[in-house]
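Visitor:
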Amino acid sequence: MIAPLSAVRAAVFTLLLTVAACSTDTPGTPVPGASTFPTDTTTAPKRPTSTTTKPADSPLADIDPCDLLTEEGKTQLGVSGPGEPDDTGSGRNCVWRLRGPERTFIFDAGVNDKYGLNDLPSDLNNKDLPPIGGRKAVQTNLSAGPGTCTVHMFVTESTRASALVVAGDDQAKSCELALQMAQLIEPRLPR
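My numbering puts the first residue of the sequence shown at 780, with every later residue one more than the last.
Shown next as structure tokens:
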């Protein structure tokens with residue numbers, strides 16, 4: 780069965796990008812790190828518990844997507860804080876926002892307990908990538924806009940993990956950051 784990407788999820792990311800672009804600046808303290816991006820971030824102070832049902836037999840059942848990025852990984856991407864759970868669509872996700880002077884970046888770490896790489900719709904401009912940590916990887920471009928890119932990684936035939944980035948309208952930058960994020964979360968995935 781093909782897992783359709785939720786139109787709602789695409790709309791949510793478009794809305795988040797629009798709202799972030801129209802909102803006022805939020806003051807913050809820069810986070811030092813290797814990132815070449817602005818480090819003023821906005822995150823939820825405390826994340827609520829996810830209410831999405833997880834299949835008990837999924838190797839991802841005990842994975843909290845907000846724990847997939849280590850503090851070091853967050854620093855490399857220029858984000859901080861616990862992230863915000865987002866269970867829109869067929870998976871469980873965690874979102875961080877990075878507000879910069881020219882654009883807002885949205886980073887989304889996700890796990891899907893029900894669908895594997897072979898369940899990705901073929902109309903997403905799927906592109907096979909070199910393995911990440913020995914895992915098969917596929918890059919897709921969602922219909923949420925030209926600056927959206929996702930890297931999906933194999934966990935099992937019926938599960939996958941993903942790193943989605945929205946970078947304004949900069950497709951190349953979003954794919955570069957999605958790949959970097961996938962490389963950062965891969966070691967935290969079960970084998």
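For glycine and all other residues, C-beta sits at the position ideal for the given N, C-alpha and C.
Remember, predicted model here, so these are calculated numbers, not experimental data.
(1) Name the DSSP beta bridge partners of Met932, please?
(2) Determine the closest residue to Ile964 out of Phe933, Thr867, Asp865, Arg882, with distance taken between C-alpha atoms.
(3) Can you have a look at Asp892 and say buried or exposed, based on whether 16 or more other CB atoms are within 10 angstroms of its CB?
(4) Are Leu956 and Ala946 closer than 8 Å when you measure CB to CB?
(5) With H, G and I counted as helix, E and B as strand and the rest as coil, what does DSSP make of Ala961?
(6) Please classify Gly868 as buried or exposed, where buried requires at least 16 other C-beta atoms within 10 Å of its C-beta.
(7) Mapping the DSSP letters down to three states, classify Asn905 as helix, strand or coil.
(8) Decide if Ala888 is buried, meaning its Cβ has at least 16 other Cβ atoms within 10 Å, or exposed.
(9) Suppose the cutoff is 6 Å on Cβ atoms and the five residues either side in sequence are ignored; what does the same chain contact list for Asn904 look like?
(10) Using DSSP with H/G/I as helix, E/B as strand and the rest coil, what is Arg878?
(11) Can you tell me where the beta strand (DSSP E) with Gly889 in it begins and where it stops?
(12) Given this structure, state the Cα-to-Cα distance separating Pro909 from Ser941, to the nearest angstrom.
(13) Just how far apart, CA to CA, sit Asn872 and Pro844?
(14) Within its chain, find whatever has a CB closer than 6 Å to the CB of Lys853; leave out the 5 residues flanking it on each side and keep chain order.
(15) Which one of Pro925, Arg939, Thr935 has the shortest CA to CA distance from Lys952?
(16) Among the residues of its own chain, which have a CB less than 7 Å from the CB of Pro966, if the five just before and after it don't count?
(17) Which residues mark the beginning and the end of the alpha helix (DSSP H) in which Gly852 is found?
(18) Can you have a look at Pro974 and say buried or exposed, based on whether 16 or more other CB atoms are within 10 angstroms of its CB?
Guide: Taking the definition as stated:
(1) In the sequence shown, counting from the first residue as 1, residue 932 sits at position 153. The partner list for Met932 (beta bridge, DSSP) reads Ala916, Ala940.
(2) In the sequence shown, residue 964 corresponds to position 185, counting from 1. Nearest option by C-alpha distance: Phe933.
(3) Stepping through the sequence shown from its first residue, residue 892 is reached at position 113. With 16 or more other Cβ atoms within 10 Å, it is buried.
(4) On the sequence shown, residue 956 is found 177 positions in, with the first residue counted as 1. On the sequence shown, residue 946 is found 167 positions in, with the first residue counted as 1. Cβ distance < 8 Å, so Leu956 and Ala946 count as in contact.
(5) Indexing the sequence shown from 1 puts residue 961 at position 182. In this structure, Ala961 counts as helix in the three-state DSSP scheme.
(6) Along the sequence shown, read from residue 1 onward, the residue named residue 868 stands at position 89. The residue is buried, with at least 16 neighbouring Cβ atoms inside 10 Å.
(7) As a first step, residue 905 is located in the sequence shown; it is residue number 126 there, counting from the start. Coil, per DSSP.
(8) Your numbering for residue 888 matches position 109 in the sequence shown. For Ala888, the number of other beta carbons within 10 angstroms of its own is at least 16, and it is reported as buried.
(9) In the sequence shown, residue 904 corresponds to position 125, counting from 1. Correct list, in chain order: Asn920.
(10) Reading the sequence shown from its first residue, position 99 is the one you call residue 878. Strand, per DSSP.
(11) Locating residue 889 in the sequence shown gives position 110, counting from the first residue. Run containing Gly889: 883-891, per the beta strand (DSSP E) assignment.
(12) For this step, residue 909 is matched to residue 130 along the sequence shown. For this step, residue 941 is matched to residue 162 along the sequence shown. Pro909 and Ser941: Cα-Cα distance of roughly 15 Å.
(13) As a first step, residue 872 must be located in the sequence shown, where it is residue number 93. As a first step, residue 844 must be located in the sequence shown, where it is residue number 65. Cα-Cα distance, rounded: 6 Å.
(14) As a working mapping, residue 853 is identified with position 74 in the sequence shown. The answer, listed in chain order, is Ser859.
(15) Translated into positions along the sequence shown, residue 952 becomes position 173. Comparing alpha-carbon positions, the option among Pro925, Arg939, Thr935 lying closest to Lys952 turns out to be Pro925.
(16) In the sequence shown, counting from the first residue as 1, residue 966 sits at position 187. Excluding positions up to five away in sequence, the list reads Gly912.
(17) On the sequence shown, residue 852 is found 73 positions in, with the first residue counted as 1. Element bounds for Gly852: 850-856.
(18) This structure gives no information on residue 974, because the portion of the chain shown stretches from 780 to 970.
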